[in-house]
Structure formats: structure tokens, C-alpha cells
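Numbering (numbering that gives the first Met the number 0), first residue to last: 0 to 310. Here's the structure, in C-alpha cells; my notes come after.
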Amino acid sequence: MADLLNLNRLVYFTTVMEAGSFTSAADRLGVAKAVVSHQVSKLEDELGATLLQRTTRRVTPTEDGRLFYDRAMIILREAEAAYGEISHGAVEPSGTLRLTAPLDYGTRVVAPVMAAYLKAYPQMRVEAIFDDAVSNLVDEQIDLGIRVGWLADSSNQARRLGTIRQIVVASPTFAASLPADANPNQARSLAWVGNAQLRGVGQWLFSRNGETVLTELNPVVVCDKSPAAYACVLAGIGLGIFPDYAVDEDIAGGRLVRIFAQWTLPTGGIHAVFPPARFRPAKVRAFVELLAAAERKRARGVARGDAGHST
């Protein structure tokens with residue numbers, strides 16, 4: 000049983016899988032090719048299965064080899080996470096951080112944090128997936144997911160980093176065409192730009208001083224990505240609802256106008272989401288702390304008041 004738990008043999012095997020040959024794997028690991036070959040052979044003996052087909056020119060994984068590689072990588076990531084958590088006071092972040100975030104939040108907030116992260120830890124590398132679609136962290140081997148809005152039930156672990164306000168905006172030209180007393184009660188009669196990524200949001204609840212208005216919108220254009228919906232609102236097609244981080248600069252610059260400014264919509268959260276694991280590696284913890292600091296700074300800016308014009 001002790002031999003079956005030899006993590007070194009898993010490292011030798013997975014490195015061969017990734018490097019494509021015993022020679023390249025030996026170069027990566029800094030050991031002799033014979034050592035790598037011996038350790039992989041011992042692993043196959045212990046499992047009673049052939050993991051790699053060897054020829055003079057190439058190494059090809061068997062079906063058992065491919066399946067075992069996926070499981071071995073999970074074991075090694077868990078081991079890395081455990082060591083990272085236990086030795087967090089001494090171990091610097093290292094390796095590659097794979098993260099995912101919504102497209103607009105990723106480009107506006109996460110990207111600057113990535114720059115600070117790489118400046119603080121120049122030995123790190125980051126693979127960033129900015130997409131409105133929600134990735135499966137385990138299946139796609141992602142270390143960190145950033146979720147904006149409301150979390151769906153899942154087996155993932157999460158930490159709340161901040162809060163978002165949802166804001167109704169329009170271009171100055173479109174805002175000028177609205178009635179002076181426009182309010183959420185007229186929302187259904189107005190033109191809106193919809194975002195198909197906001198699945199399940201068919202109704203919106205506006206609140207003001209104890210008064211509430213529950214209304215459906217009337218999208219004349221529906222876009223499949225948040226930046227596309229944003230571009231349509233900037234172009235003057237209709238009203239749009241976006242999180243504060245996406246609109247604050249354009250409101251301050253006069254490119255957008257806040258609509259229904261005296262009304263509020265339900266607030267959402269910004270969460271760091273992790274694959275199921277008891278511990279987080281140093282590379283993940285360090286990035287999350289930088290993002291949390293960025294959110295605290297942004298929250299202080301929001302607390303100082305809304306910028307720009309409104310109606």
C-alpha cells in the first residue's frame with residue numbers, strides 16, 4: 000500500500016505524459032532517463048496495467064493511461080494545495096495560476112490585479128479565461144473562479160470579496176428622448192438592450208423609500224455577451240442594466256447617463272470560487288488577497304457617491 004501512495008511516481012508518469020517522451024521528461028525533472036523509465040515501470044507493476052505504449056520514436060498513452068493521468072493530476076493538485084496551506088508562511092506562490100472571470104469584470108477589474116500579482120511574484124504565470132459562460136472548475140482544471148452576481152448551488156467553496164450595485168444607464172442621446180418623469184412604472188414601454196448571459200432574469204425589482212415596482216423589460220436587442228450589450232447601449236439603442244464597475248467611468252465621462260437614479264435594484268456579490276479541497280495553494284491565496292484589496296478600494300470609491308449625471 001505504501002508503494003501505491005508514492006507521489007514521486009505520479010510525478011514521473013504525469014511528466015512523461017506532458018512532455019511526450021522519457022527523454023524530455025528526464026530533462027524537465029533533472030534526472031537520468033533510466034530513473035524515469037524505472038519509476039514508470041514500477042508504477043505499472045503496482046497497478047497491474049500498462050499506462051504507456053513505448054516505441055523507439057514515441058510514447059503513447061493507453062486508455063488506462065489517459066484515465067490514470069486525469070486522476071493522478073487531481074491527487075497532485077490536492078497535495079500541492081495541502082503543502083501550500085501548511086507552509087504558507089514560508090512558501091512563495093509558484094507555477095501557473097489558472098483562473099476564470101466574467102468578460103467585463105475580467106477586463107476591467109481582474110486584469111489590473113493580474114498586473115500587480117505578476118509584479119509582486121515575477122516567477123508566476125497566469126492563464127486567464129474571461130468569458131460570461133460559467134466554467135466547471137474541476138473538469139477544466141481551473142484553480143480559481145470569479146463569480147459576479149448570485150452564486151448557484153454547487154460543491155465549490157466560495158469567499159465573498161465585494162458587492163455590486165446594478166445601475167440603469169443610457170446614452171445621452173437616448174436619455175434626452177425619455178419623458179422627464181420616466182420611472183420604473185413605464186419600464187415596459189421603453190426600449191431596452193438585453194443580455195442573454197443573464198439567464199433567469201425575466202423580472203426586475205426596483206425599490207425607493209419603501210416603494211417597490213416589479214416589472215418586465217422590453218428588449219429590442221438581445222446580445223450574447225456583456226460587452227456587446229454595453230456597446231449597443233453606448234450606441235443609443237436603448238436602456239441597459241449593468242454592474243457599477245462596468246459603468247462608473249463612462250458615467251463620470253459623460254458617455255452614459257444614469258436613469259431612474261432614485262431607485263435601486265437588488266445588489267449582488269463578487270465571489271472567489273474554488274474547486275472542492277481542504278486547502279488553497281499559496282498562488283491562489285495571494286491572488287485572492289490582491290483582488291479583495293482591489294474590491295475594498297473600489298467600495299471606498301462607491302461610498303463617496305455616484306459620479307456623473309443622472310436622471
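Quick reminder that beta carbons are idealized off the backbone N, C-alpha and C, glycines included. If you're wondering where the values come from, they're calculated on a predicted model, not measured in any experiment.
With a beta-carbon spacing of about 6 Å, I240 and V167 fall inside the 8 Å limit used to define contacts.
Proximity to P242 across T59, Q202 and V108 peaks at V108, based on C-alpha coordinates.
Inclusion of G235 and S170 in the CB contact set at 8 Å is warranted, their separation being smaller than that value.
Annotation: the continuous beta strand (DSSP E) that includes P242 extends over G239 to P242. Residue pairing by DSSP places V109 in no beta bridge whatsoever.
Judged by DSSP secondary structure, A157 falls within the beta strand (DSSP E) whose first and last residues are Q156 to I163. Taking the C-beta atoms as reference points, W149 is found no nearer than 8 Å to S206.
Across the structure, V58 and A71 are spaced so that their CA atoms are roughly 18 Å apart. Distance check between L46 and each of A33, V34, D26 and Y68 places Y68 closest, using alpha-carbon atoms only. Secondary structure of L204 (DSSP, three-state): strand. In this structure G193 is buried. Its beta-carbon is surrounded by 16 or more other beta-carbon atoms within 10 angstroms.
If you draw a straight line from the Cα of D63 to the Cα of E43, it is about 10 Å long. Annotation for L177: no beta strand (DSSP E) segment contains it, and DSSP assigns it neither H nor E. L213 and V221 have their C-alpha atoms spaced approximately 21 Å apart. Of the other Cβ atoms in all chains shown, fewer than 16 fall within 10 Å of the Cβ of I74; this residue is therefore exposed. Counting other Cβ atoms within 10 Å of its Cβ, H37 stays below 16 and is therefore classed as exposed.
Non-local C-beta neighbours of G19 in its own chain, meaning closer than 7 Å and more than five positions away in sequence, comprise V58, ordered along the chain. P101 sits buried, since 16 or more C-beta atoms from the chains shown fall within 10 Å of its C-beta. Judged by DSSP in its simplified three-state form, E210 adopts strand.
By the Cβ neighbour-count rule, G144 is buried, with 16 or more other Cβ atoms within 10 Å of its own. In the assembly as shown, D180 is an exposed residue. Its beta-carbon has fewer than 16 other beta-carbons within 10 Å. Residue state for V220 is assigned as strand, using DSSP reduced to three classes. P121 and A114 have their alpha carbons spaced roughly 10 Å apart.
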